[in-house]
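For reference, the structure discussed in these notes is given below.
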Ligand SMILES: Cc1ncc(COP(=O)(O)O)c(C=O)c1O
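Numbering (the numbering used here), first residue to last: 187 to 639.
And the structure:
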């Protein structure tokens with residue numbers, strides 16, 4: 187029996203038709219930003235006392251706001267870390283919204299927490315974490331890093347039974363900006379460890395820094411943070427060395443694989459992650475290289491009960507949840523009410539199977555390797571360093587920051603590509619990040635051709 191009124195049914199048809207059309211587009215439009223003034227003059231104010239009605243608002247979205255918004259799944263969107271969700275995951279995202287689920291606890295959401303945990307288990311197995319490992323999905327790598335580091339400090343504080351004037355952690359200068367942000371929120375100081383010739387955090391570098399520190403500074407350190415796939419250059423730290431160092435000195439070992447952790451699924455790159463199984467907490471974002479829609483980041487712990495001590499919120503109205511022995515996702519991060527944001531990822535993984543994910547991840551790596559050879563083949567380009575994962579850094583000979591900016595702006599305006607310059611070792615140059623399995627060699631060649639002026 188239909189319980190939707192006529193108006194809602196019509197809106198449902200329009201919205202679902204638009205969503206289906208959007209995911210059918212191959213490629214989708216790249217689109218791009220417009221100024222506030224332009225958007226305001228064309229589409230005006232949208233929040234009114236009586237409402238504009240579904241048809242009108244959807245039309246403004248389709249005609250105005252969507253085209254002023256970049257499509258991260260365009261095959262030539264190569265800036266930042268793109269995301270190209272599978273159609274299965276996008277469709278299931280609609281189901282998640284339609285299902286009004288609160289994913290806080292097993293009591294409220296047993297069935298779907300079971301599903302999320304299946305997906306988390308696949309990630310834990312890829313990393314080689316033990317049977318008891320587990321965690322939760324949060325909004326992004328930033329939230330996951332903050333929550334993981336809070337768990338880390340809470341665990342070490344309980345173990346040591348005291349607190350220094352100021353807590354500290356060790357990481358390299360290449361650690362993601364969200365680590366800096368998390369330490370600022372937590373009032374923690376970063377001790378920067380010098381990297382090796384590829385800027386990697388290593389066991390030797392950590393030992394050297396450690397030996398230079400005063401005893402009271404050493405006593406204030408609670409964690410080592412390694413990056414498994416730096417955002418700017420795609421480099422994986424020496425996880426074996428960093429993990430061994432951390433545990434030798436009684437420190438928590440946090441591995442940020444928000445971008446690069448997906449390459450654990452790659453047969454050709456798995457060896458780079460040797461030692462990740464030592465992680466006390468590990469982050470990987472399905473909304474980066476695991477083809478899930480935003481927002482979806484996985485946070486896993488080797489021994490989740492330590493994280494639960496740090497994160498479980500106590501209130502009388504939550505007693506029934508907290509006294510249960512079942513799995514409550516909210517207890518493992520800074521969150522309470524939560525969207526089951528791991529569910530679209532789980533659905534797609536279950537539909538396609540893990541082999542399809544391995545193949546899709548490998549495509550980004552293969553394309554990065556091809557791209558490096560193509561750069562070497564072209565006289566006007568220069569490879570900056572051999573790609574380890576799927577980030578490629580290169581120079582356009584003779585260009586300064588100004589030319590990079592002008593070309594990047596023109597490429598977007600002409601809808602050729604979305605590529606931004608970055609800074610690497612003090613030099614402005616260009617960066618591609620390949621995660622979309624539909625990006626082809628022809629796409630990359632067309633982008634290079636547009637630089638030949
Ligand atoms: C290594 C790394 N860590 C953390 C983050 C932050 O993730 P998010 O943007 O999902 O908060 C990123 C984002 O690119 C990243 O590459």
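The beta-carbon is built from N, C-alpha and C at its ideal position, and this holds for glycine as well.
As the structure is a computational prediction, the values presented were derived from the model and not from experiment.
Assuming residue i and residue j are in contact, meaning their beta carbons sit under 8 angstroms apart, how far apart are those beta carbons, in whole angstroms?
| i | j | result |
| --- | --- | --- |
| residue 145 | residue 429 | This structure leaves residue 145 out entirely; the chain is present only between 187 and 639. |
| residue 356 | residue 377 | 5 angstroms |
| residue 463 | residue 314 | 3 angstroms |
| residue 270 | residue 439 | Going by Cβ atoms, the distance from residue 270 to residue 439 rounds to 31 angstroms, so no, they are not a contact pair. |
| residue 483 | residue 469 | 6 angstroms |
| residue 582 | residue 567 | 6 angstroms |
| residue 220 | residue 254 | 4 angstroms |
| residue 244 | residue 200 | 6 angstroms |
| residue 471 | residue 327 | 5 angstroms |
| residue 458 | residue 308 | Residue 458 to residue 308, Cβ: 19 angstroms. No contact. |
| residue 282 | residue 529 | 5 angstroms |
| residue 391 | residue 382 | 6 angstroms |
Closest to residue i by CA distance: which of the options is it?
| i | options | result |
| --- | --- | --- |
| residue 495 | 328, 452 and 515 | 515 |
| residue 596 | 194, 218 and 398 | 218 |
| residue 372 | 359, 345 and 338 | 338 |
| residue 513 | 498, 527, 545 and 635 | 498 |
| residue 480 | 511, 325 and 458 | 325 |
| residue 613 | 586, 261 and 630 | 586 |
| residue 276 | 532, 630 and 220 | 532 |
| residue 523 | 202, 252 and 288 | 288 |
| residue 517 | 334, 259 and 628 | 334 |
| residue 467 | 201, 220 and 433 | 433 |
| residue 607 | 591, 620 and 240 | 591 |
| residue 553 | 577, 417 and 235 | 577 |
| residue 303 | 252, 323 and 537 | 323 |
| residue 588 | 616, 249, 601 and 412 | 616 |
| residue 268 | 628, 556 and 623 | 623 |
| residue 619 | 574, 598, 537 and 601 | 574 |
| residue 330 | 610, 445, 507 and 491 | 445 |
| residue 414 | 407, 548 and 423 | 423 |
| residue 257 | 215, 266 and 245 | 215 |
| residue 409 | 447, 368 and 416 | 368 |
| residue 560 | 547, 580 and 366 | 580 |
| residue 487 | 557, 306 and 365 | 306 |
| residue 628 | 447, 262 and 197 | 262 |
| residue 238 | 621, 197 and 207 | 197 |
| residue 312 | 359, 453 and 274 | 453 |
Which of the three DSSP states, helix, strand or coil, is assigned to residue i?
| i | result |
| --- | --- |
| residue 427 | helix |
| residue 365 | helix |
| residue 478 | coil |
| residue 470 | strand |
| residue 442 | strand |
| residue 228 | helix |
| residue 320 | strand |
| residue 559 | helix |
| residue 256 | coil |
| residue 270 | coil |
| residue 607 | strand |
| residue 602 | coil |
| residue 564 | coil |
| residue 287 | coil |
| residue 422 | strand |
| residue 129 | Outside the displayed span of the chain (187 to 639) sits residue 129, for which this structure offers no information. |
| residue 264 | coil |
| residue 280 | helix |
| residue 569 | strand |
| residue 596 | helix |
| residue 515 | helix |
Start and end of the alpha helix (DSSP H) containing residue i?
| i | result |
| --- | --- |
| residue 209 | 192 to 210 |
| residue 507 | 505 to 508 |
| residue 242 | 240 to 246 |
| residue 618 | Counting along the chain, residue 618 falls outside any alpha helix (DSSP H), though it belongs to the beta strand (DSSP E) covering 613 to 619. |
| residue 496 | 490 to 497 |
| residue 529 | 529 to 538 |
| residue 627 | 627 to 635 |
| residue 622 | Careful: residue 622 lies outside any alpha helix (DSSP H) and carries neither H nor E. |
| residue 301 | 292 to 313 |
| residue 391 | 389 to 398 |
| residue 335 | 327 to 346 |
What residue range does the beta strand (DSSP E) around residue i cover?
| i | result |
| --- | --- |
| residue 356 | 354 to 358 |
| residue 520 | Element bounds for residue 520: n/a, residue is neither H nor E. |
| residue 408 | 407 to 413 |
| residue 487 | 483 to 487 |
| residue 581 | 577 to 582 |
| residue 375 | 375 to 379 |
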